[in-house]
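Comments concern the structure below.
Numbering (my numbering), first residue to last: 1 to 206.
Here it is in structure tokens:
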């Protein structure tokens, strides 16, 4: 029996957010290898929130234009690429690339997932927002735990097995998203949606 669509979408949010903190346990290793202090390392980490805010501000309506499934798939693929960058380059440079890509992935994923969930769940936007918030919060806590577990089992401190595990799970999630029924159209009439817009939040959630 195929998984319920809302569970697959929530899993996508969970895993995409899970990669954001995946490298946290090995930050010190990367910094020591590069001879960098805490200030420079913090600057590298800040690429994520800066890119995330830029994506949310400029591409908040991209799923209306391109579709919810394609946008969510792009978010999942970019999250896998972000993790892959630290497999290919397990250093501060790879980390900087990963943090920027993570911002893109999370920005695209949260908007598309919330919109898709609002169209298929009872109670619409409020339940969709709650589901996305729960899945993302759990995901943000997942990443470091998976890497700490891998390190405890003797994994390479620069390329822990958690990286490959998350890439594989993201790949499976992408396949599951492709197998879901087509999501409802964002708009049936009215003017074409803008590609870029500020993100909107359901009443009472702010």
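Where a beta carbon is used, it is the ideal one built from N, C-alpha and C, also for glycine.
Beta-carbon proximity check, residue i vs residue j, cutoff 8 Å
i           : j           : result
residue 62  : residue 105 : no
residue 55  : residue 177 : no
residue 151 : residue 157 : yes
residue 173 : residue 59  : no
Residue nearest to residue i in terms of C-alpha spacing, selected from the options
i           : options               : result
residue 68  : 80, 113, 134 and 176  : 113
residue 18  : 83, 36, 108 and 153   : 83
residue 22  : 179, 146, 138 and 44  : 146
residue 110 : 131, 122 and 170      : 131
residue 121 : 35, 170 and 184       : 184
residue 89  : 16, 34, 137 and 169   : 34
residue 7   : 150, 143, 134 and 140 : 134
residue 11  : 140, 57, 94 and 64    : 140
Cβ distance (whole Å) where residue i is taken to contact residue j below 8 Å
i           : j           : result
residue 80  : residue 167 : 5 Å
residue 180 : residue 5   : 5 Å
residue 41  : residue 27  : 6 Å
residue 44  : residue 96  : 5 Å
residue 85  : residue 98  : 5 Å
Whole alpha helix (DSSP H) runs in the segment 40 to 126 with 4 or more residues, listed along the chain?
You should have 47 to 58, 62 to 66, 68 to 88 and 92 to 120.
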